[in-house]
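Residues 216 to 603 (the working numbering) make up the sequence shown, in order.
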Amino acid sequence: MSLAFIRSASRGVSFAALLLAATGASAATQINTGGETGAYHASFCPALSRELKVAQLDYPCVTSTGTRENIERVLGDPRQIGYAQFDAYAIETQQLKAGSALTVVRQDDVRECVFAVTRNKSLASYGDLAGNADRLRFILPPGDSGSASTFNFLRSVDSNGIAKAKSIVNASSADDAIRQALSADDTVTLFVQFPDPDNARFAMIRQLGGHIVPVIDREILRQEVNGRKVYFAQETQVENADWVKSGRKVVTACTPLVVFTGAPDLVKPEQARKDHEDMIRTVASLNANALLPQESLFQRLLKRSRELSAVSTEKLLELSDQAREKAKPYTEKASEAMKETAEQARQAADRAAEAAKPYVEKGKDAAKKAYDDAMKAGKDIMDKAKKE
C-alpha cells in the first residue's frame, strides 16, 4: 500500500471523525418529540426548549416517529431528551431491555386517555372486552402508533383478558380504525389521545352509532414502573355543551406524558456527565405551568378533567369484575368443549389404528411372501445358468 494512499485515507478518516463529532455534539443536545404537527412537537417541546435556554442549555426540538424512536435515540446518545406516552414507554423499554439505561425526569398532570370504541351496546365495561376478547375482532391504529403500544401493554398485563384476543389487525389510521370498528357488532377499536371535545373523532363516533367503553380495571390501575403509576382513572369531557345539553363526559384510564433521558452514569467523560446531571436537575425543578403552552388547549383540558375519587373508581372496578365473571361460564364451557373434542379425536384415532391392525399384518405377510418368491426365482435363474 502506498504512503500517498495511507495519507489520503487518514485525511478521509479524520474528516469523517470531525463530521461525526460535529453532528454528534449537535444531536446530543436535542429533544425528541413526535410528528411535526403533533402535540409533543408543536405544543409541549417549545415550552421546555425555551425554559432550558433560559438556563443556558440549548436543546432544540427534533421530530420523530414517536415514543419508540425517541427511546432508541436516547439509547444511542444518553444526553438526549425524549417525550413519551408513559404506557408506551413502559412496554417499549421492556421489549428493548432498556429500563436501567433510561431515567424519567418528569411526570406531570398532562395525560393522554385510552378510548375503547364499539357499537355493540352489550360491551359496556372493560370487563366485557376482556371476558370476550377471544371472540372479538380488534381493529387498531397503525402498528407503530402509541395506540398500538398501549394495546400491547394491556395485553402484557392482562393475561386472562385482552391477551386472549385472536383477531388483531391494524388500520391505516386512527380514523380508519374507528370507521371499521363501528361497521359490525363484534369489532372494537382502541386509541389514545388527549381528550379534546373539539376533536372530530368524538363527533364521528357519535354519528356512526358508537359509544366509548370505560377502560377501567384492577389489572390496569395497579400497574407501576419504578414506583410511578402508569394509569389514572379520570373523568374527562369529550363533547362540548350547547344551549340544550351539558357537555358529555366519560371515565377511562389516562396515562401521563413523561420526559425522559439517559442514565447519568452512561454519559462520559466526567464533565459531560456533570452537565447532564445539571440538565436533569433543571428540568425536574421547572414549574409544571411553565411547561404548558400559555392559554392553550391543554390548560383547558386540565380544567375539564378530574381524577376519580376512590369510591367512584371502586364502583367502576366492580362493574368490570362482574363483567369478567359473567363471561367466565361461556369461556369455561368453550374450553371444556375444546378438551372434549380433542379427547374424542384421540379416541377416534385409537379406534382407527386398532381397526387397521389386521390389514397391516396382512400387508406384512404379503410383502414377506413376495420377497421370498423373488429370492427363490432369482436362485432358480442362477442355478439354471450354472448348469448351462
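Heads up, the beta-carbon is just placed ideally off N, CA and C, and yes, glycines get one too.
CB contact flag (residue i, residue j, <9 angstroms)
i      : j      : result
Ile354 : Val403 : yes
Pro410 : Val372 : no
Ala399 : Ala392 : no
Leu317 : Val289 : yes
Val440 : Ala303 : no
Phe486 : Val466 : Note on residue identity: the sequence assigns Gln, not Phe, to residue 486. No. Outside cutoff.
Gly342 : Ser535 : yes
Gly376 : Arg488 : no
Leu532 : Arg433 : yes
Leu327 : Leu311 : Strictly speaking, residue 327 in this sequence is Glu, with Leu absent from that position. No, the pair does not count as a contact, with Cβ atoms beyond the cut-off.
Leu351 : Ala380 : yes
Ala542 : Asn347 : yes
Ser258 : Pro508 : yes
Proximity winner among the options, relative to residue i (alpha-carbon distances)
i      : options                        : result
Asp322 : Ala542, Val445, Leu534         : Going by the sequence as given, residue 322 is Gln instead of Asp. Per the Cα distances, Val445.
Ala299 : Arg394, Ile431, Thr365, Arg433 : Thr365
Glu284 : Ala254, Gly250, Ser264         : Gly250
Leu481 : Leu267, Gln295, Thr528, Gln245 : Gln295
Ile495 : Tyr255, Tyr274, Gly376         : Tyr274
Ala262 : Ala505, Gln486, Asn347, Ser340 : Ala505
Leu267 : Asp349, Gln245, Ala254         : Gln245
Leu423 : Gly442, Val407, Asp390         : Asp390
Ile431 : Gly253, Asp349, Gln537         : Gln537
Phe301 : Lys541, Gln438, Pro479, Thr528 : Gln438
Ala478 : His256, Ser264, Gly297, Val329 : Gly297
Val407 : Pro471, Ala418, Ser382         : Pro471
Phe447 : Val329, Ser374, Ile383         : Val329
Asp324 : Val473, Met419, Ser360         : Val473
Thr252 : Ile435, Lys530, Ser279         : Ser279
Leu397 : Ile435, Arg265, Ser264, Met419 : Met419
Ala345 : Asp493, Ile435, Pro508, Arg443 : Ile435
Phe475 : Lys464, Lys483, Glu492, Asn367 : Glu492
Asp349 : Thr451, Ser382, Arg443, Ala331 : Ser382
Glu307 : Ala363, Lys336, Asn335         : Ala363
The alpha helix (DSSP H) enclosing residue i, as first and last residue numbers
i      : result
Glu284 : 282 to 291
Phe417 : 415 to 422
His256 : Premise fails: His256 is in no alpha helix (DSSP H) and is neither H nor E.
Ile427 : No alpha helix (DSSP H) contains Ile427, which is instead part of the beta strand (DSSP E) from 426 to 428.
Ile435 : 433 to 436
Gln395 : 389 to 396
Cα-Cα separation, residue i to residue j
i      : j      : result
Trp458 : Pro412 : Low confidence applies here, because Trp458 scores a pLDDT of 41, under 50, leaving its location unreliable and the question unanswered by this model.
Thr333 : His426 : 6 angstroms
Arg416 : Cys260 : 25 angstroms
Ala468 : Gln309 : 21 angstroms
Gly281 : Val320 : 18 angstroms
Asp401 : Gln395 : 11 angstroms
Gln271 : Leu405 : 42 angstroms
Glu529 : Gly291 : 43 angstroms
Pro293 : Val498 : 15 angstroms
Lys460 : Asn414 : Unreliable positioning characterises Lys460 in this predicted model, as indicated by a pLDDT of 46, which lies under 50. A coordinate reading is not provided.
Leu338 : Arg421 : 16 angstroms
Gly361 : Asp490 : 31 angstroms
Ser374 : Val269 : 47 angstroms
Pro356 : Tyr255 : 19 angstroms
Thr451 : Lys464 : 5 angstroms
Leu501 : Gly442 : 21 angstroms
Ala313 : Ala503 : 27 angstroms
Ser315 : Asn367 : 21 angstroms
Lys483 : Ser388 : 41 angstroms
Ser340 : Val384 : 22 angstroms
For residue i, the first and last residue of its enclosing beta strand (DSSP E)
i      : result
Ala448 : 447 to 452
Ser382 : 382 to 385
Leu405 : 402 to 408
Tyr298 : 296 to 300
Short CB-CB distance (under 9 angstroms) between residue i and chain D
i      : result
His256 : Of the protein chains in this structure there is only one, and it is not chain D.
Closer than 8 angstroms: residue i CB and nearest the ligand ATP heavy atom
i      : result
Pro471 : Absence of the ligand ATP is noted for the structure shown, with no ligands found whatsoever.
Taking the runs of the beta strand (DSSP E) that are 3 residues or longer, which of them lie wholly in the region 306 to 373? 317 to 333, 352 to 355
Suppose only complete runs of 4+ residues qualify. What are the alpha helix (DSSP H) ranges in the region 456 to 503, listed by chain order? 485 to 500
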